[in-house]
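Here is the structure we will look at.
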Amino acid sequence: MTRYLRKIAVSDVGMGCMGFSHGYGTVPDHDEAVDSIRAAYQAGCTFFDTAEGYGKERFFPGHNEQLVGEAVHPFRDQVVLATKVRIEPDLGGRIRRRRGAAPSLSPVNGKPADRLR
0 MTRYLRKIAV SDVGMGCMGF SHGYGTVPDH DEAVDSIRAA YQAGCTFFDT AEGYGKERFF
60 PGHNEQLVGE AVHPFRDQVV LATKVRIEPD LGGRIRRRRG AAPSLSPVNG KPADRLR
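Numbering (numbering that gives the first Met the number 0), first residue to last: 0 to 116.
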């Protein structure tokens, strides 16, 4: 089934990819993460969520975007990717959003568009 984000058609069920870089216990190895994303696509998922900050503590800023970009590369023109920039925790552990996306589109291990291919 399909739903629309304004005029963009996506699958009813999307895949949040944060857990491939951090957040839900043990992080799967690289190949398992790529295989899981590709299996979701084969099962009909066309909407994948990532962020610049997912995995920055364990790996590097942009790790999750790079991983997702690699995984969807063979079918990139068939899926929709959502990413977030400049989401950082404050000293109390709460989420703080910086104003303005423009600074976060500058290179950090490449631009988000480059990491997502």
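By construction, the Cβ of each residue, glycine as well, lies at the ideal position given by its N, Cα and C atoms.
Nearest candidate by alpha-carbon position, reference residue i, set the options
i     : options                      : result
SER20 : GLN41, GLY52 and LEU80       : GLY52
ILE36 : GLY61, MET17, PHE59 and THR1 : MET17
Cα-Cα separation between residue i and residue j, rounded to whole angstroms
i      : j     : result
SER105 : VAL84 : The pLDDT assigned to SER105 is 48, lower than 50, so where the model puts this residue is not dependable; a value taken from the coordinates is nonetheless given after this. Going from the Cα of SER105 to the Cα of VAL84 covers about 10 angstroms.
TYR42  : ALA32 : Contrary to the premise, residue 42 reads as Ala rather than Tyr in this sequence. About 15 angstroms.
GLY15  : PHE47 : 6 angstroms
SER103 : ASN63 : Confidence is the limiting factor: at SER103 the pLDDT is only 46, short of 50, which leaves the residue's position unreliable, though a coordinate-based value still follows. Taking the straight line from one Cα to the other gives about 16 angstroms.
PRO27  : GLY54 : 12 angstroms
TYR40  : THR1  : 14 angstroms
PRO73  : THR25 : 27 angstroms
LYS6   : PHE58 : 35 angstroms
GLU29  : LEU4  : The residue asked about is misnamed: residue 29 is His in this sequence, not Glu. Each residue's Cα considered, the two are about 30 angstroms apart.
Whole-angstrom C-beta distance between residue j and residue i, which should lie under 8 angstroms
i     : j     : result
SER10 : THR45 : 4 angstroms
Where residue i falls: helix, strand or coil (DSSP)
i     : result
ARG2  : strand
GLY24 : coil
Beta carbon proximity, residue i to chain C, threshold 8 angstroms
i     : result
GLY43 : Absence of chain C from the displayed structure is noted, only one protein chain being present.
Worksheet entry | Residue ranges of each alpha helix (DSSP H) within the stretch 2-75, 4 or longer | 29-41 and 62-71
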